[in-house]
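The next block holds one structure in the form of structure tokens; read it before the comments.
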Ligand code: ADP
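Residue numbers (my numbering): 106 to 516.
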């Protein structure tokens, strides 16, 4: 089965075509046949990059007015012989589409086959994901129009893994009416990644998912920590939106909310400006004034002695440490800490800083292993005497979406 996995952002479309073979699926036997990235949708100079695995990329700069036009470009490329995708001669070879959907609210607690009612539900959840849910929906509508209703579509929600949180973990200390009237509560994100990590950890450790007790740290441009007990989420760091929790590339993470009132009063910032400040101008970018990219910061701090880059790194690592400590207390210990995401998988510096001075909690890193770990496969980086296992596992959200799509459409 060939599954088109789509991730439609506010001005981007990312895709992969994944071939899933039922006999091989348990052994990561799926193959990515092609992938691509369409950016700056809505502009005259949208960037298009699409590539069949093992072939030269197709690149173009062209006007793309909306998501439908962008998806049309992808589908035309797939349909044309020029794409040279192995085993795909035309659109008829695409059997199903899996969509990453940001916000599923309290309604969507697992992946679902898309129908009219589901589309309405995704639209209703747009109040909490105003930039992403409408884009996700546009992607679904475009695929319906261009591929026809016979090709099944599945929605996989970034929030669904976290629906098992208890009220004491997901409620804010606000008047209860805020929850009742507006659904204001913590929903959590990166659920597809944390779910993948849970399954992968079970597979590697040769145990059942229901026996997995870990803290999963997804550290990328967006960052979140997730406390997983018996294979289920009991707490996570992101909240109503992906802003809360860890310090991120451009998001501030945890913040005294009064600061927003202060800035509105003192600097006269309106809602839109405050929103941009905390989501786009903060995090390690805002603190360092240099970059949101961890590689640039490590370079500036370690090689050039830049103090603000160092401060941003120090704050980033300390915040992660703080959540690890909190979750260890909340869960009465765990079996392992798992690093994933672009930073978690690649930055031995961040991993070492997060795990340093944690012997009291039973965490001892093997520095040599941490420094020499192969990037693509990951592995254990804790020392033999460490009470907790510390591991790195590469995440694969697209694969998780493809697996859900296969499972739901095979029926
Ligand atoms: P997204 O959240 O958009 O999926 P990724 O998971 O790809 O992002 O993570 C992007 C982050 O990973 C960037 O901050 C980047 O600096 C960081 N990163 C990638 N490679 C390295 C590396 N070798 N060392 C340190 N950080 C890295």
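Backbone N, C-alpha and C fix where the C-beta goes; we use that ideal spot for every residue, glycine too.
Candidates the options: closest to residue i by CA position
i, options, result
"residue 291", "305, 342, 318", "342"
"residue 394", "413, 189, 223, 409", "413"
"residue 172", "256, 115, 494", "115"
"residue 153", "136, 119, 357", "119"
"residue 250", "458, 337, 176", "176"
"residue 146", "178, 205, 380", "178"
"residue 447", "400, 415, 140, 462", "400"
"residue 260", "495, 208, 370, 499", "208"
"residue 420", "359, 445, 465, 410", "359"
"residue 210", "192, 194, 235", "235"
"residue 169", "181, 150, 435, 471", "150"
"residue 273", "333, 248, 340", "340"
"residue 336", "270, 344, 512", "270"
"residue 167", "328, 148, 181, 386", "148"
"residue 509", "238, 163, 219, 190", "219"
"residue 349", "159, 380, 136, 198", "380"
"residue 432", "230, 334, 411", "334"
Residue i Cβ short of 6 Å to the ligand ADP heavy atom set
i, result
"residue 155", "no"
"residue 291", "no"
"residue 448", "yes"
"residue 475", "no"
"residue 452", "yes"
"residue 398", "yes"
"residue 394", "no"
"residue 384", "no"
"residue 404", "no"
"residue 560", "Residue 560 is absent from the structure shown; the chain starts at 106 and stops at 516."
"residue 326", "yes"
CB contact flag (residue i, residue j, <7 Å)
i, j, result
"residue 107", "residue 122", "yes"
"residue 315", "residue 299", "no"
"residue 356", "residue 384", "yes"
"residue 289", "residue 443", "no"
"residue 330", "residue 428", "yes"
"residue 392", "residue 417", "yes"
"residue 338", "residue 266", "yes"
"residue 475", "residue 490", "no"
"residue 268", "residue 217", "no"
"residue 497", "residue 478", "yes"
"residue 157", "residue 188", "yes"
"residue 332", "residue 436", "yes"
"residue 92", "residue 353", "The structure shown does not extend to residue 92, since the chain is modelled only from 106 to 516, so the question has no answer here."
"residue 469", "residue 441", "no"
"residue 224", "residue 182", "no"
Buried versus exposed, by CB contacts within 10 Å (16 or more), residue i
i, result
"residue 263", "buried"
"residue 293", "buried"
"residue 241", "buried"
"residue 482", "exposed"
"residue 351", "buried"
"residue 305", "buried"
"residue 287", "exposed"
"residue 129", "Note that residue 129 scores a pLDDT of 48, beneath 50, so its modelled location is shaky; the value from the coordinates is reported in the next line. So residue 129 counts as exposed."
"residue 296", "buried"
"residue 450", "buried"
"residue 367", "exposed"
"residue 325", "buried"
"residue 232", "exposed"
"residue 364", "exposed"
"residue 347", "buried"
"residue 373", "exposed"
"residue 281", "exposed"
"residue 126", "exposed"
"residue 462", "exposed"
"residue 279", "exposed"
Integer Cβ distance of residue i from residue j, believed to fall under 8 Å
i, j, result
"residue 244", "residue 109", "Not confirmed; about 10 Å, so no contact."
"residue 202", "residue 246", "With 8 Å as the limit, residue 202 and residue 246 do not qualify as a contact, their Cβ atoms being about 12 Å apart."
"residue 502", "residue 205", "7 Å"
"residue 396", "residue 388", "Contact flag wrong, Cβ pair sits at about 11 Å."
"residue 493", "residue 439", "7 Å"
"residue 506", "residue 495", "Actually they do not touch by this definition, with Cβ atoms about 28 Å apart."
"residue 138", "residue 196", "Not confirmed; about 14 Å, so no contact."
"residue 301", "residue 504", "7 Å"
"residue 517", "residue 238", "A question about residue 517 goes unanswered here, because the residues of the chain that appear run from 106 up to 516."
"residue 144", "residue 117", "5 Å"
Residue i CB to nearest heavy atom of the ligand GTP below 6 Å
i, result
"residue 402", "Here the bound small molecules are the ligand ADP; the ligand GTP is not part of this structure."
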